[in-house]
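For reference, the structure discussed in these notes is given below.
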Amino acid sequence: VQLVESGGGLVQPGKSLKLSCSASGFTFSSYGMHWIRQAPGKGLDWVAYISSSSGTVYADAVKGRFTISRDNAKNTLYLQLNSLKSEDTAIYYCAGDYFDYWGQGVMVTVSS
Amino acid sequence: DVVLTQTPPTLSATIGQSVSISCRSSQSLLDSDGDTYLNWLLQRPGQSPQLLIYSVSNLESGVPNRFSGSGSETDFTLKISGVEAEDLGVYYCMQATHAPYTFGAGTKLELK
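First to last, the sequence lines map onto chains X and D. Take the first sequence: its letters are residues 1 to 112, numbered as in the numbering used here. Take the second sequence: its letters are residues 1001 to 1112, numbered as in the numbering used here.
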């Protein structure tokens, strides 16, 4: 099993960014997936979940601004980040349904 | 939201010492399906988190059996029976019973 995140970078407040998580080594379409983030020097913060049938759940802090989605044909999970704030600065990890597999993380920095 | 309180925040141990970490939940983590979705993860310095224990007491594949988990409803414990150097890092409990899913603040295990 391998999960590889991409799409991070430096972005100004109020702007948007789209993260990707490429999955391999398992039947991606059969499993739910999570996004979790970690601000610099801080603990883990659950962000969003998408089920195998594309039902979604969000943390209150990102509801209405972030959108989780998936493309089973491409074995890829996405996180669209809109209206970014400085407090969204973090490493973003994708993880498997049971938190048993994690990617290496991708850094998102929101700063002017 | 469910609040998970981990104690102690920092733990100093010698190699071979047995240690325990407590995780207390603000509400019962017993799900309506009869399972209790309380997990323990370890984040080594510079690495992604790794699942150690799932559903209170089930050892994840490949995790050494010096790790064990116990507890029920709102009180949970992770025990390491004989700390080894590779066990150093930050331990997190997390719950996946009630959305939004939440993490404890972490317990940093250091060498004495």
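Beta carbons are placed, not taken as given, at the ideal position from N, Cα and C, and that holds for glycine.
Residue i - DSSP class collapsed to helix/strand/coil
i	result
isoleucine 26/X	Per the sequence shown, the amino acid found at residue 26/X is phenylalanine instead of isoleucine. In the structure shown, phenylalanine 26/X sits in coil (DSSP, three-state: anything other than H, G, I, E or B).
glutamine 1068/D	The amino acid at residue 1068/D is misidentified as glutamine; the sequence shows serine. Note: serine 1068/D maps to strand in three-state DSSP.
alanine 1085/D	helix
leucine 1059/D	strand
arginine 37/X	strand
glutamate 1110/D	strand
threonine 1014/D	coil
valine 1003/D	coil
threonine 45/X	The sequence given here has aspartate at residue 45/X, not threonine. Note: aspartate 45/X maps to strand in three-state DSSP.
threonine 1097/D	coil
lysine 18/X	strand
alanine 61/X	coil
alanine 95/X	strand
leucine 1030/D	strand
tyrosine 1037/D	coil
Chain-ordered neighbours of residue i on chain X, where CB pairs are closer than 7 angstroms
i	result
proline 1049/D	Leu44, Trp102
glycine 1106/D	Gly43
asparagine 1039/D	Phe99
Contact list for residue i against chain X, beta-carbon separation under 8 angstroms
i	result
glutamate 1060/D	Asp100
tyrosine 1092/D	Gly43, Leu44
Start and end residues, beta strand (DSSP E) containing residue i
i	result
valine 4/X	2–6
phenylalanine 1076/D	1075–1080
glycine 9/X	9–11
threonine 56/X	56–58
tryptophan 102/X	It is not in any beta strand (DSSP E) - tryptophan 102/X carries neither H nor E in the DSSP assignment.
serine 1022/D	1019–1025
glutamine 1050/D	1050–1054
Interface residues of chain D facing residue i [CB-CB closer than 7 angstroms]
i	result
serine 59/X	Just to set this straight, residue 59/X is alanine in the shown sequence, not serine. Chain D residues near alanine 59/X: Pro1100.
glycine 105/X	Ser1048
Under 8 angstroms from the C-beta of residue i: neighbouring residues of chain D
i	result
tyrosine 93/X	Ser1048, Pro1049
Residue i: contacting residues in chain X (beta-carbon distance under 9 angstroms)
i	result
phenylalanine 1103/D	Ile36, Gly43, Leu44, Asp45, Trp46
Check: residue i C-beta below 7 angstroms from any heavy atom of the ligand ADP
i	result
serine 1025/D	Among the components modelled here there is no ligand, and therefore nothing to report on the ligand ADP.
Could you tell me whether the stretch 1012–1023 of chain D touches the stretch 1079–1089 of chain D, where touching means 3 or more Cβ pairs closer than 8 angstroms? yes
Runs of 4 residues minimum, wholly inside the stretch 63–89 of chain X: which ones carry the alpha helix (DSSP H) assignment? none
How do the stretch 35–55 of chain X and the stretch 1017–1037 of chain D stand: do at least 3 beta-carbon pairs fall below 8 angstroms, yes or no? no
So, do the stretch 1087–1104 of chain D and the stretch 1029–1044 of chain D have three or more beta carbon pairs nearer to each other than 8 angstroms? yes
Would you check if there are 3 or more beta carbon pairs closer than 8 angstroms linking the stretch 23–36 of chain X to the stretch 51–58 of chain X? yes
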